[in-house]
Amino acid sequence: MNEILTLTAAAIAAKVKAREISAREVTEAFLARIEAVDNDIQAFVTVTPEASLKAADAVDAKIAAGEDAGSLAGAPVALKDNLCTRGIETTCSSKILRGFVPPYNATVVEKLASAGAIALGKVNLDEFAMGSSTENSGLFPTRNPWDLTKVPGGSSGGSAAAVASLEASVALGSDTGGSIRQPAAFCGLVGLKPTYGRVSRYGLVAFASSLDQIGPLTRTAEDAALVLNVIAGQDSRDSTSVPRPVPDYTKALTGDIRGLKIGVPIEYFAEGISTEVRAFVTTAIGILRGLGAEIIEVSLPYTDYALAAYYIVAPAEASSNLARYDGVRFGARVTSAKDHIELFENTRDEGFGAEVKQRILTGTYALSAGYYDAYYAKAQKVRTLIRRDFDAAFEKVDAIISPTTPTPAFGLGEKSDDPLAMKLSDICTIPANMAGIPALSLCCGFLDGLPVGMQLQGPAFSEETLLNIAHTYQLETDWHTRRPTL
Ligand code: GLN
Numbered sequence: 451m452n453e454i455l456t457l458t459a460a461a462i463a464a465k466v467k468a469r470e471i472s473a474r475e476v477t478e479a480f481l482a483r484i485e486a487v488d489n490d491i492q493a494f495v496t497v498t499p500e501a502s503l504k505a506a507d508a509v510d511a512k513i514a515a516g517e518d519a520g521s522l523a524g525a526p527v528a529l530k531d532n533l534c535t536r537g538i539e540t541t542c543s544s545k546i547l548r549g550f551v552p553p554y555n556a557t558v559v560e561k562l563a564s565a566g567a568i569a570l571g572k573v574n575l576d577e578f579a580m581g582s583s584t585e586n587s588g589l590f591p592t593r594n595p596w597d598l599t600k601v602p603g604g605s606s607g608g609s610a611a612a613v614a615s616l617e618a619s620v621a622l623g624s625d626t627g628g629s630i631r632q633p634a635a636f637c638g639l640v641g642l643k644p645t646y647g648r649v650s651r652y653g654l655v656a657f658a659s660s661l662d663q664i665g666p667l668t669r670t671a672e673d674a675a676l677v678l679n680v681i682a683g684q685d686s687r688d689s690t691s692v693p694r695p696v697p698d699y700t701k702a703l704t705g706d707i708r709g710l711k712i713g714v715p716i717e718y719f720a721e722g723i724s725t726e727v728r729a730f731v732t733t734a735i736g737i738l739r740g741l742g743a744e745i746i747e748v749s750l751p752y753t754d755y756a757l758a759a760y761y762i763v764a765p766a767e768a769s770s771n772l773a774r775y776d777g778v779r780f781g782a783r784v785t786s787a788k789d790h791i792e793l794f795e796n797t798r799d800e801g802f803g804a805e806v807k808q809r810i811l812t813g814t815y816a817l818s819a820g821y822y823d824a825y826y827a828k829a830q831k832v833r834t835l836i837r838r839d840f841d842a843a844f845e846k847v848d849a850i851i852s853p854t855t856p857t858p859a860f861g862l863g864e865k866s867d868d869p870l871a872m873k874l875s876d877i878c879t880i881p882a883n884m885a886g887i888p889a890l891s892l893c894c895g896f897l898d899g900l901p902v903g904m905q906l907q908g909p910a911f912s913e914e915t916l917l918n919i920a921h922t923y924q925l926e927t928d929w930h931t932r933r934p935t936l
């Protein structure tokens with residue numbers, strides 16, 4: 451295997467800028483890797499070799515001219531296929547968007563390109579980001595690089611699988627209820643969901659607008675900091691992005707967490723979380739204590755209600771956001787219809803998969819005149835209580851540690867017929883979206899060859915703290931240096 455593939459984005463950018471390797475060499479190595487392994491992994495929906503090599507040559511030309519090529523110069527990145535890319539099909543892994551070629555780039559896509567990153571293509575997801583295994587993709591399932599019979603998690607399963615299998619140095623995903631962190635946990639990566647408003651969502655195809663955030667999936671905390679540096683910040687094209695200065699997140703990586711107060715919430719170590727996963731996280735907590743953190747027990751009593759409230763709020767917003775796919779404005783359209791109503795109906799019937807339809811129905815119901823108060827308004831009240839839980843906990847601690855998922859990656863097909871079991875895999879990740887706070891998953895061990903993830907949550911805009919805890923842990927351990935054999 452080509453050594454270049456094992457380099458972090460930080461290392462690639464350093465070597466490219468020092469002219470030890472060229473951006474073209476790096477890009478060719480990753481494109482060859484995709485050729486070699488993606489038949490097995492199926493992470494990519496679209497690969498764009500021509501555009502990638504052109505971007506790489508532009509980086510090399512800048513360096514040759516003595517110009518600044520950017521903090522991610524030459525680093526190959528995979529983009530979740532719900533991020534709009536100008537001139538490149540953006541499918542959301544849904545049949546209804548087949549053929550949709552956006553006339554503009556998402557802000558994060560532009561920002562990555564300006565920083566010298568090389569987009570390799572678009573990667574698979576659960577249709578419209580609804581799911582936890584990437585099996586809901588309307589195109590094909592993606593496989594977990596650590597064990598091809600397991601799911602990579604979801605909905606950013608393609609992003610996670612691409613980075614874990616060394617088909618990309620880093621990836622972008624989106625996280626509405628865990629879709630960055632859960633696949634990061636299943637694939638042994640760092641996955642960061644930033645604070646709501648930290649990263650512009652312009653050009654991210656909306657699922658649930660009050661919950662969605664874009665973030666990085668990487669192998670190291672350092673790479674996550676590097677990518678966040680580039681993508682964070684206010685954007686006049688997303689009114690929910692927050693006008694707050696962006697620090698240099700890599701400066702926060704001091705490797706020193708002495709005196710930091712880390713909370714352990716009893717509710718996240720309860721029944722429903724496998725004893726093995728609890729044991730791995732408990733061991734990691736011991737390591738953090740050894741590094742000088744103060745470990746304090748905390749309680750988040752409304753945790754139990756987060757999943758139920760999420761499955762009202764998220765489908766309600768989705769039902770509204772997905773109303774625009776009617777076969778007229780975007781993507782695919784049926785050919786047989788006697789009038790425009792039938793055209794809408796048939797296009798939506800053929801274009802959307804079962805999970806998406808189910809959510810549109812639930813969401814429409816929860817918003818309907820007679821049921822709004824009983825469901826949507828009530829779920830919003832629960833959401834406030836969840837946020838207050840975190841506010842109270844963060845008066846005592848700087849961050850909260852827990853498992854990311856109840857179990858490591860499950861088998862393909864194992865939970866397809868059991869929607870509740872599937873949804874329960876997000877039980878630890880959903881509260882952060884409901885509260886709008888940042889949360890990060892990182893690998894804390896392997897169980898029968900499969901990665902186990904732990905989650906760090908912090909108050910709004912505490913990404914620096916979370917990244918530094920993760921970085922300090924990675925300095926002390928070597929889980930993040932393991933590679934799947936493919
Ligand atoms: N798995 C959750 C869902 O299906 C979360 C998805 C996400 O974060 N996009 O809604």
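The sequence shown begins at 451 in the working numbering and counts up one residue at a time. From the three backbone atoms N, C-alpha and C, an ideal C-beta is built for every residue, glycine too. As the structure is a computational prediction, the values presented were derived from the model and not from experiment.
Where residue i falls: helix, strand or coil (DSSP)
i: Met-872; result: helix
i: Glu-744; result: strand
i: Gln-492; result: coil
i: Thr-915; result: helix
i: Met-949; result: An answer regarding residue 949 cannot be provided, because it is not within the stretch 451 to 936 covered by the chain.
i: Thr-562; result: For the sequence presented, residue 562 should be read as Leu rather than Thr. Leu-562: helix per DSSP, three-state reduction.
i: Pro-765; result: helix
i: Lys-600; result: strand
i: Pro-633; result: helix
i: Phe-896; result: strand
i: Val-832; result: helix
i: Ile-887; result: coil
i: Gly-608; result: helix
i: Asn-594; result: strand
i: Val-731; result: helix
i: Asp-673; result: helix
i: Gly-713; result: strand
Nearest candidate by alpha-carbon position, reference residue i, set the options
i: Asn-586; options: Glu-517, Gly-604, Trp-596 and Gly-713; result: Gly-604
i: Pro-602; options: Asn-574, Ala-618 and Asp-625; result: Asn-574
i: Pro-552; options: Gly-781, Leu-835 and Phe-844; result: Gly-781
i: Leu-455; options: Pro-499, Ala-618, Phe-844 and Ser-609; result: Ala-618
i: Ile-664; options: Tyr-652, Glu-500 and Thr-753; result: Tyr-652
i: Leu-862; options: Ala-614, Leu-661 and Thr-592; result: Thr-592
i: Leu-741; options: Ile-716, Glu-747, Ile-712 and Gly-520; result: Ile-712
i: Pro-628; options: Lys-465, Asp-876 and Asp-848; result: Position check: residue 628 holds Gly in this sequence, whereas Pro was assumed. Closest option to Gly-628, Cα to Cα, is Asp-876.
i: Pro-526; options: Gly-607, Val-677 and Ile-538; result: Val-677
i: Asn-912; options: Leu-811, Cys-878, Leu-936 and Asp-848; result: Before going on, a small fix: residue 912 reads as Ser here, not Asn. Measuring from the Cα of Ser-912, the nearest candidate turns out to be Asp-848.
i: Ile-887; options: Ala-610, Cys-893 and Asp-841; result: Asp-841
i: Arg-548; options: Ile-850, Arg-779 and Ala-882; result: Arg-779
i: Asp-662; options: Asp-507, Met-884 and Asp-898; result: Met-884
Close beta carbons around residue i, own chain, < 7 Å, minus the five adjacent residues each side
i: Glu-914; result: Pro-697, Tyr-699 and Ala-702
i: Ser-866; result: Glu-585
i: Ala-674; result: Val-640, Leu-642, Pro-666, Thr-668 and Leu-917
i: Ile-762; result: Ala-816, Tyr-825, Tyr-826 and Ala-829
i: Ser-502; result: Thr-477, Leu-481, Ile-568, Ala-569 and Leu-570
i: Glu-726; result: Leu-897
i: Lys-561; result: Val-680 and Ile-681
Nonlocal neighbours in the same chain, by C-beta distance under 6 Å from residue i, ignoring five residues either side
i: Ser-650; result: Thr-557, Asp-685, Asp-688 and Ser-691
i: Pro-648; result: What sits at residue 648 in the sequence shown is Arg, not Pro. Counting only Cβ-Cβ distances below 6 Å, and skipping sequence neighbours, we find Ala-682.
i: Ser-891; result: Arg-631, Ala-634, Ala-635, Gly-641, Thr-854, Gly-903 and Gln-905
i: Arg-933; result: none
i: Ile-471; result: Lys-465
Cβ neighbours of residue i in the same chain (closer than 8 Å, five flanking residues each side left out)
i: Leu-874; result: Gly-722, Leu-757 and Pro-856
i: Gly-563; result: Per the sequence shown, residue 563 should be read as Ala rather than Gly. Ala-505, Asn-555 and Ala-569, listed in sequence order.
i: Arg-728; result: Phe-719 and Pro-853
i: Ile-737; result: Tyr-923, Glu-926 and Thr-927
i: Cys-878; result: Gly-628, Tyr-718, Ile-723, Ser-852, Pro-853, Thr-854, Thr-855, Pro-856 and Gln-905
- prompt: Unbroken beta strand (DSSP E) runs of length 3 or more, entirely within the segment 512-583: which are they?
  reply: Given a length threshold of 3 residues, each whole run of the beta strand (DSSP E) inside the segment 512-583 is given here in chain order: 526-530 and 568-573.
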